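Worksheet for the structure shown next.
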Amino acid sequence: MGRMNPLEDHERKIIIEFCHLLEKSKQLFNGLRELPQYGHKQWHSYFGKTFDVYTKLWKFQQQHRGILDSKYGLKRWQIGEIASKIGQLYYHFYLRTSDTAYLSEAFSFYFAIRGRSYYTQASKEDKCELMVKKLRYYARFIVASLLLKKMKLVRDLLNELDKQISEYGITYEPDDQNEWRIVADEVRSFIKVEPVVTVYHPQEFVVILSHRLSPQTTPPIERTSAMTLILQEVLIVGSNATQLKFSELTMDMYRMMQTLEREPNGEAQHLYDESPRQRCASTPSAFNNKGYNLECGLNKNEGPHKYLLFKPSPNQVFVYLASACDDLLCNGVVLLYISAEGLLVPPSKNHCEEAGGYDVGGLITTSKIDVLGRETTIKEGKSAPPKYKDLQVLHPGDLYPFTRRPMVIIVDSDNSFIFNDMPRLFGQPLIILMSPMELPSNLYRKYRYSRLTKTQLPLANFRKRFEVRFGFCNG
């Protein structure tokens, strides 16, 4: 083996600068995990700093690829890891802002990783953790593709993920191979139930329907002086044990979050499941000087700031809801959507207002196992405390303090009726939508895995009426 030629000064400086940017980017990226998941002020500036560093790192490795390849030994999977983290940044920025243009940017980076085969040699490296990163990349790419309704690509990615999981098991004999197979099975079940109806193009392509807002699906708004309220904060809580899910995204959360977003570029995407004309981004958009592509995030695409909570404790719901109310502008509205199994209690002689919103039961936001024993005791007619409360149950009375601000509550549960008589204690606007407590027998089998499907059309109609009546964030 011949000796490597000594580095020249400019080559040494390039390698030192690359290592500095790479280390700094990792530190900032890891620091994102330490930020509070609620509130607006802290995360926005930190995201900006992180984007800045990744901008410099991405451009730097492009400009000096030859030297980094030959003198530093830069591998393609390392470039893929940088691109994957940039995609994650864009995706989380999308989650925070509801701006679907950032979701498209995340997708473009994930798509480029696959198109340029950055992770092709991952299994040949003697690093089990590198193969895990590749599997996580596939999972993230599938989520972004699902949210953009690229269903044919999702199926292709799922087939690739199955092969990667098998290769992962053969090469490394890991303990978590079955866990990854569960992930793949979740995706398979998710895409099977995802389409509520199937619409065909005259040329026999499957038309992919979108639930997002667009000029084609939203009536024009005639502004009046009385229309002062703006939907600004949204909490989407998915706690129903019967819901199909992928990772921590249940089917109802998946549909609800799209219902509250706008189409990329303001227009409905005409996507066909098998059409060769389907457009997919192949090259990531160029960063601007501020570290992220401000051109992709226009005000017209911005929606309400939202939180996605998967099986949170009631205390966690209170923290996020309190933060949302605190961040509201003077004319802001907060929307709370909850899908959860109900805790049923025997009817009380007292009216629910007199009972303080606790004796009527509640919603199980975490695990039904925590309250199952006490629930059975009550159903059997055994003694129970006069004020039946449980730490794992969200009661209507728990939400009373938050009605100091204009609020919309959507409850999808077999116990939704308990919210029917919530009082307006503070004189603020309060709208409550409640799902039916049960489905007709002929519909139960079809919709049992996705409760929101039975209310999707009324909910979409309400969304349009809500926009007309109250306006929409930055709309």
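For the sequence shown, the numbering used here assigns the number -10 to the initial residue and increments by one for each residue that follows.
Ideal Cβ positions, reconstructed from N, Cα and C, are used throughout, including at glycine.
Quick caveat, the model's predicted, so the values are computed rather than measured.
Could you tell me the boundaries of the alpha helix (DSSP H) in which residue i lies?
| i | result |
| --- | --- |
| PHE96 | 89 to 104 |
| GLN221 | That residue, GLN221, is in no alpha helix (DSSP H); its beta strand (DSSP E) goes 219 to 227. |
| GLU(-3) | Unbroken run through GLU(-3): none, as it is neither H nor E. |
| ILE159 | 140 to 161 |
| VAL176 | 166 to 182 |
Quick one: residues in its chain with C-beta nearer than 6 Å to the C-beta of residue i, no 5 flanking neighbours on either side, listed in chain order?
| i | result |
| --- | --- |
| PHE235 | GLU175, VAL176, PHE179 |
| TYR61 | ILE4 |
| MET396 | VAL323, LEU419 |
| CYS8 | none |
| PRO(-5) | none |
| TYR43 | SER14, ILE75 |
| LYS2 | none |
Smallest Cα separation from residue i: which of the options?
| i | options | result |
| --- | --- | --- |
| ALA311 | GLU237, THR392, ALA329 | THR392 |
| THR89 | LYS15, GLU252, TYR309, GLU114 | GLU252 |
| ARG103 | ARG85, TYR80, LYS116, SER134 | SER134 |
| GLU250 | THR213, THR231, GLY292 | GLY292 |
| LEU21 | LEU10, LEU422, HIS9, SER34 | SER34 |
| PRO301 | HIS294, TYR99, TYR326 | TYR326 |
| GLY158 | LEU142, GLU118, ASN19, SER73 | GLU118 |
| GLY69 | LEU84, LEU92, SER97 | SER97 |
| ASP41 | PRO425, ILE75, LEU57, GLN67 | ILE75 |
| ASP58 | SER73, GLU162, ASP165, GLU0 | GLU0 |
| SER93 | LEU238, LEU297, GLN77 | GLN77 |
| ALA72 | SER87, HIS81, HIS53, TRP47 | TRP47 |
| GLU237 | TYR389, LEU297, PRO425, PHE307 | LEU297 |
| GLY28 | VAL308, SER328, PHE18, PRO390 | VAL308 |
| LEU137 | GLU168, THR207, PRO425, TYR80 | TYR80 |
| ASP165 | ARG125, HIS200, VAL182 | ARG125 |
| TYR127 | LEU11, MET140, TYR99, VAL223 | TYR99 |
Taking residue i as part of the beta strand (DSSP E), name the residues at either end of that continuous run.
| i | result |
| --- | --- |
| LEU124 | Premise fails: LEU124 lies in the alpha helix (DSSP H), 117 to 136, not in any beta strand (DSSP E). |
| ILE210 | Counting along the chain, ILE210 falls outside any beta strand (DSSP E), and DSSP gives it neither H nor E. |
| GLU330 | 330 to 332 |
| ASP241 | Careful: ASP241 lies outside any beta strand (DSSP E), inside the alpha helix (DSSP H) at 240 to 248. |
| ILE407 | Element bounds for ILE407: n/a, residue is neither H nor E. |
| VAL397 | 396 to 401 |
| GLY351 | 351 to 353 |
| LEU419 | 419 to 423 |
Quick one: what's got a C-beta closer than 8 Å to residue i's C-beta in the same chain, skipping five residues either side?
| i | result |
| --- | --- |
| LEU318 | ILE219, GLN221 |
| ARG394 | CYS314, LEU317, GLY321, VAL322, VAL323, GLN417 |
| VAL143 | ILE131, SER134, LEU135, VAL176, ILE180 |
| ARG170 | ILE154 |
Got a sec? Which residues, its chain only, sit under 7 Å from residue i by beta carbon, not counting five neighbours each side?
| i | result |
| --- | --- |
| ALA173 | LEU147, LEU150, ASP151, ILE154 |
| LEU24 | GLN31, TRP32, TYR35 |
| PRO163 | CYS117, TYR157 |
| PHE408 | PRO385, ILE398, VAL400, ILE421, MET423 |
| SER87 | LEU249, GLU250, GLU291, GLY292, PRO293, HIS294, LYS295 |
| LYS123 | TYR108, ALA111, GLN153 |
| MET242 | ILE225, GLY227, LEU297 |
In terms of DSSP beta bridges, what is residue i paired with?
| i | result |
| --- | --- |
| ARG413 | DSSP output for ARG413 lists no bridge partner at all. |
| TYR309 | Answer is none; TYR309 lacks a bridge partner. |
| TYR296 | LEU224 |
| VAL322 | LEU220 |
| ILE3 | Answer is none; ILE3 lacks a bridge partner. |
| LYS74 | According to DSSP, which records beta bridges pairwise, LYS74 is partnered with nothing at all. |
| LEU202 | ARG251 |
| LEU46 | Looking at the DSSP assignment, LEU46 forms no beta bridge with any residue, so it has no partner. |
Does any residue of chain C have a CB that is nearer than 8 Å to the CB of residue i?
| i | result |
| --- | --- |
| LEU11 | The question asks about chain C, but that chain is absent: this structure has only one protein chain. |
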